[in-house]
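Enquirer: Numbers given in this note's numbering equal positions in the sequence shown, counted from 1, plus 1202. Just so it is clear, CB atoms sit at the ideal spot from N, CA and C, and this is done for glycine as well.
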Amino acid sequence: MGENKNLPTLIPDERIVSRIFLIRGRKVMFDNDLAELYEVKTRELNQAVRRNLERFPNDFMFQLTTGEFIILKSQFVTSSWGGIRKKPLVFTEQGVAMLSSVLRSRRAIQVNIQIIRTFTKLRQLMASHEELRRKIEDLERKSDQRFKTIFELIKNLLDEKIKPKTKIGFRAS
């Protein structure tokens, strides 16, 4: 097990994170992005998946609907996608993990380890952000009441009529 931690970093985390998208409420990666990371052709990756469909239930992998595909194409006006005509397959974290069993190269295994670690870091980051958000909201609720009280006191002080001060000094008679 210690060997996996010592694997060289093949791909910067930022490069992986930038290829994780939220579709249907799930974090997924596109077949063509994964193929590029694994250094195989998208067609080869999809063939390996289709030969092993029983390993990829709907919560591991799904194909975009026509509507999703149209929206996707409209968002990527420049053809960084290489003119894709087929609806892409997208893989959840579990699907990415399963890919290492159908793509048996050493690189696929190493890249999968990196991708899974990146998904885990994202999950931890999101959890810590959620906890931070809750703490801030609690603080706001507590602070709001304190500030409300302070502002009411200030308002009351300002609303009080200030009595004119008696002049100090001598009066000329």
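Hey, T1244 and N1254 are a contact pair by Cβ (cut 8 angstroms); roughly how many whole angstroms apart?
Expert: Numbered from 1 along the sequence shown, position 42 holds the residue referred to as residue 1244. Numbered from 1 along the sequence shown, position 52 holds the residue referred to as residue 1254. Not a contact, Cβ separation roughly 16 angstroms.
Enquirer: Rounded to whole angstroms, what's the CA-CA distance from A1329 to R1228? Just pull it up for me.
Expert: Along the sequence shown, one-based indexing puts residue 1329 at 127. Along the sequence shown, one-based indexing puts residue 1228 at 26. Cα to Cα, A1329 sits roughly 15 angstroms from R1228.
Enquirer: Three-state secondary structure (DSSP) at R1308?
Expert: For the purposes of this step, residue 1308 is identified with residue 106 of the sequence shown, where counting begins at 1. Looking at R1308 - three-state DSSP - the assignment turns out to be helix.
Enquirer: Please find out if some non-hydrogen atom of the ligand ADP comes closer than 6 angstroms to the beta-carbon of P1259.
Expert: The ligand ADP is not part of this structure, which contains no ligands at all.
Enquirer: Looking only at C-alpha atoms, which of L1247, E1333, P1290 sits nearest to T1268?
Expert: Position 66 of the sequence shown, counted from the first residue, corresponds to residue 1268. With distances taken between Cα atoms, T1268 lies closest to P1290.
Enquirer: Enumerate in chain order the residues of its own chain whose CB-to-CB distance from V1298 is below 8 angstroms, with the five nearest sequence positions on each side excluded.
Expert: Counting from one through the sequence shown, the residue named residue 1298 turns up at place 96. Counting only Cβ-Cβ distances below 8 angstroms, and skipping sequence neighbours, we find M1231, L1236, N1314, I1317, I1318, F1321.
Enquirer: Going by other Cβ atoms of all chains shown within 10 Å of its Cβ, with 16 needed for buried, is V1219 buried or exposed?
Expert: Walking along the sequence shown from the start, residue 1219 turns up at place 17. Burial call: exposed.
Enquirer: Look up R1335 in the DSSP assignment and say whether it is helix, strand or coil.
Expert: By one-based count along the sequence shown, residue 1335 stands at place 133. It is helical.
Enquirer: Specify, as a first and last residue, the run of the alpha helix (DSSP H) that V1219 falls within.
Expert: As a first step, residue 1219 must be located in the sequence shown, where it is residue number 17. Where V1219 is concerned, the enclosing alpha helix (DSSP H) stretches over 1215–1219.
Enquirer: When you compare only the Cα positions, how much space is there between R1309 and E1238?
Expert: Position 107 of the sequence shown, counted from the first residue, corresponds to residue 1309. Position 36 of the sequence shown, counted from the first residue, corresponds to residue 1238. Those two C-alpha atoms are separated by around 12 angstroms.
Enquirer: With DSSP run on the structure shown, which of helix, strand or coil describes V1292?
Expert: Looking up residue 1292 in the sequence shown gives position 90. Here V1292 sits in strand by DSSP.
Enquirer: Quick check: what's the CA-CA separation for T1294 versus T1351?
Expert: By 1-based counting over the sequence shown, the position of residue 1294 is 92. By 1-based counting over the sequence shown, the position of residue 1351 is 149. Their backbone Cα atoms lie some 50 angstroms apart in a straight line.
Enquirer: At which residues does the beta strand (DSSP E) containing R1228 begin and terminate?
Expert: For the purposes of this step, residue 1228 is taken as residue 26 along the sequence shown, with counting starting at 1. Taken as a continuous stretch (DSSP letters only), the beta strand (DSSP E) holding R1228 covers 1228–1232.
Enquirer: Please state the DSSP three-state secondary structure of F1223.
Expert: Walking along the sequence shown from the start, residue 1223 turns up at place 21. Three-state result, F1223: strand.
Enquirer: May I ask you to list the residues that DSSP assigns as paired with Q1316?
Expert: Position 114 of the sequence shown, counting from 1, holds the residue named residue 1316. In DSSP, Q1316 forms no bridge with anything.
Enquirer: Can you tell me which of L1334, Q1265, L1324, L1247 puts its alpha carbon nearest to the alpha carbon of S1303?
Expert: Within the sequence shown, numbered from 1, the residue matching residue 1303 stands at position 101. Ranking L1334, Q1265, L1324, L1247 by Cα distance to S1303 puts L1247 first.
Enquirer: Check each candidate in Q1296, E1270, F1271, I1225 and name the one with the smallest Cα separation from R1257.
Expert: By one-based count along the sequence shown, residue 1257 stands at place 55. Among Q1296, E1270, F1271, I1225, the Cα nearest to that of R1257 is on Q1296.
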